[in-house]
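Number of protein chains: 2
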Amino acid sequence: MEPKETKNRILDAAEHLFAEKGYHGTSLRMITTEATVNLAAVNYHFGSKESLIEAVIERRLLPLNQLRTKQLKAVRDEARRNDRAPDVRQTLAAFIEPTLSFRNSGPGAQDFIALVARALADPNDTARSVFINRIKPVLDLLHQCLAEALPQIDPQTIFWRLHFMIGSLTHIMHNLDKLPIPTEMMPTDNSFQEITEMLLTFITTGMEAPQ
Amino acid sequence: MEPKETKNRILDAAEHLFAEKGYHGTSLRMITTEATVNLAAVNYHFGSKESLIEAVIERRLLPLNQLRTKQLKAVRDEARRNDRAPDVRQTLAAFIEPTLSFRNSGPGAQDFIALVARALADPNDTARSVFINRIKPVLDLLHQCLAEALPQIDPQTIFWRLHFMIGSLTHIMHNLDKLPIPTEMMPTDNSFQEITEMLLTFITTGMEAPQ
DNA sequence: GTCTATACGATGATAGAC
DNA sequence: GTCTATCATCGTATAGAC
């Protein structure tokens, strides 16, 4: 078996199981069984269970953050070229849309989101600090763009509203297909796109609220 | 030892450890050691580990939901008596403020919030379904109040905005003292109250946004 | 009724031979 | 890279002391 093949099979299985059962709820045996590799292969390729979850997170997060950064800079630079402030909704969309299209890129991506949601809820998890450290530069850039877009609002207020936004985003991404949703509350079709628009309206309006 | 004393010691220790290490990360032996009771006391008083976490959740959640329900009904009935629509900010405050004052009621309450955040992130956790089932009636009441307050907005849209709000609320409650917050972003004093006001402004404005 | 000491079967982690 | 023997720890059950 090619070496890359083994590593990826382990990463896929780990992503899936960590998402479903949590870090402590998943054993190395479960992972290696699902990946149909030998138990000791994890220690061989990744060193430890803890390094494995770090690798799982970085594999997805690095390209995602690159895309977010690229889109944010595009919005900011376009506004600067035209000598005006960036549009708030456009700025927020530049951050949010990569997250959402990523979510629809496959079942592994949804597992990853569940994994991140877990990591954020875990006060001691190593996954938590990996995630937070990696996303901080993107958040700083987003904050800077919003400060340009909303000069009338205190940067401190923008900072907190940004965290309210992150709460809404992660909550809805993680719970969209897990919530007990009455049928009459479900948008008719292409529901995901509609809910995305609703979210964007909600947070854009909240972000622009007078102090 | 008084019988209630033992049960409460177990509940306190379980709340603390489940919040810190998660359900699977906590063993009954850790709990009974921290509570300085015998290992078998858990099974005697609660039957199983799973029943124990249910008891942990219900102990806090029932009074909290009663308070929320009472305040929501007060706002609604007051508005009806005066033959006008309920105020949106007041309605949201009736739901949110008990949560926040509860959070400040002691260290055990903060553990409980961390526990709930964990439960919400866990797709399979029994704690999750206990929490969701218990809070559903309150959410239904809140939805009904908001529909009265915002007749111009589609109930379906209100429903989703309500979930965006819950995301913001749980995220900020859980992460308030865990986020890496630059000192210049921290409100000068009584920060918790200020952040609450900011949250209320954010979600009220978002909730009232034109469709 | 309440608590304790102890045991059981299952399962996970790990080190060392190959 | 793989296999296996070994050990720790888990949740739970039970018998009996107070």
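The listed protein sequences derive, respectively, from chains U and C. Sequential numbering from 48 applies to the first sequence in the numbering used here. Sequential numbering from 48 applies to the second sequence in the numbering used here. Ideal placement from N, C-alpha and C gives every residue a C-beta, glycine not left out.
At a cut-off of 8 angstroms between beta carbons, G153 of chain U makes no contact with chain C. Here T204 of chain C is not near M233 of chain U, since their CB atoms are 8 angstroms or more apart. Ranking U:D134, U:T173, U:K183 by CA distance to the CA of T252 of chain U puts U:D134 first.
Under the DSSP assignment, V135 of chain U falls in the alpha helix (DSSP H) whose first and last residues are 135-150. Any Cβ of chain U closer than 8 angstroms to the Cβ of F159 of chain C would place that residue at the interface, and such an atom is absent. In terms of beta-carbon proximity, D130 of chain U stays away from the interface with chain C, with every pair separated by 8 angstroms or more.
Against S238 of chain C, chain U offers no close residue; the least beta-carbon distance is about 10 angstroms (beta-carbon pairs closer than 7 angstroms). At a cut-off of 8 angstroms between beta carbons, E195 of chain U makes no contact with chain C. Under a criterion of Cβ atoms nearer than 7 angstroms, no residue of chain C is adjacent to Q118 of chain U; the nearest Cβ is some 22 angstroms distant. Assignment of R76 of chain U by DSSP, reduced to helix, strand and coil, places it in the helix class. Going by beta carbons, T217 of chain U and G214 of chain C fall inside the 8 angstroms limit. In this model, F249 of chain C and Y91 of chain C are separated by some 47 angstroms (Cα to Cα). Against chain C, the CB of I219 of chain U has a partner CB under 8 angstroms away; the residue lies at that interface. The beta carbon of I160 of chain U sits closer than 7 angstroms to those of R150, M220, H221, all from its chain and outside the five residues before and after it, given in chain order. Here DSSP, grouped into helix, strand and coil, assigns Y91 of chain C to helix.
Our two residues, L108 of chain C and D130 of chain U, have alpha carbons roughly 52 angstroms apart in a direct line.
Only residues of its own chain outside the window of five on either side were considered, and among them A141 have a CB closer than 8 angstroms to the CB of A121 of chain C, listed in chain order. The shortest CA-to-CA distance from P184 of chain C to any of C:K68, C:G69, C:K117 is the one to C:K117. Less than 8 angstroms divides the Cβ of A61 of chain C from the Cβ of I100 of chain C. A check of alpha carbon separations from D158 of chain C across C:T173, C:F65, C:K54 identifies C:F65 as the nearest. Check the Cα spacing between I242 of chain C and each of U:R76, U:F211, U:I179: the tightest is with U:F211.
G153 of chain C is classed as exposed because its beta carbon has fewer than 16 other beta carbons within 10 Å across all chains shown. If you compare the alpha carbons of C:T73, C:Y70, C:R106, C:N55 with that of A82 of chain C, the shortest gap goes to C:N55.
Beyond the five residues adjoining it in sequence on each side, I78 of chain C comes within less than 7 angstroms, by CB distance, of I57, A60, A61, L64, V89 in the same chain, given in chain order. Within 7 angstroms of the CB of S215 of chain C, the CB atoms of chain U belong to F211, G214, S215, in sequence order along the chain. Non-local beta-carbon contacts of P202 of chain C in its own chain, meaning distances under 8 angstroms to residues more than five positions away in sequence, involve H190, A194 in chain order. E101 of chain C is outside the set of residues whose beta carbon lies under 8 angstroms from a beta carbon in chain U.
For M212 of chain C, the enclosing alpha helix (DSSP H) stretches over residues 202-222. Per DSSP, the continuous alpha helix (DSSP H) segment holding H190 of chain C begins and ends at 173-196. Straight-line measurement puts the Cα of S148 of chain C at about 37 angstroms from the Cα of E97 of chain U. Taking the beta carbon of P227 of chain U as reference, the chain C residues within 8 angstroms of it are I179, K183, listed in sequence order.
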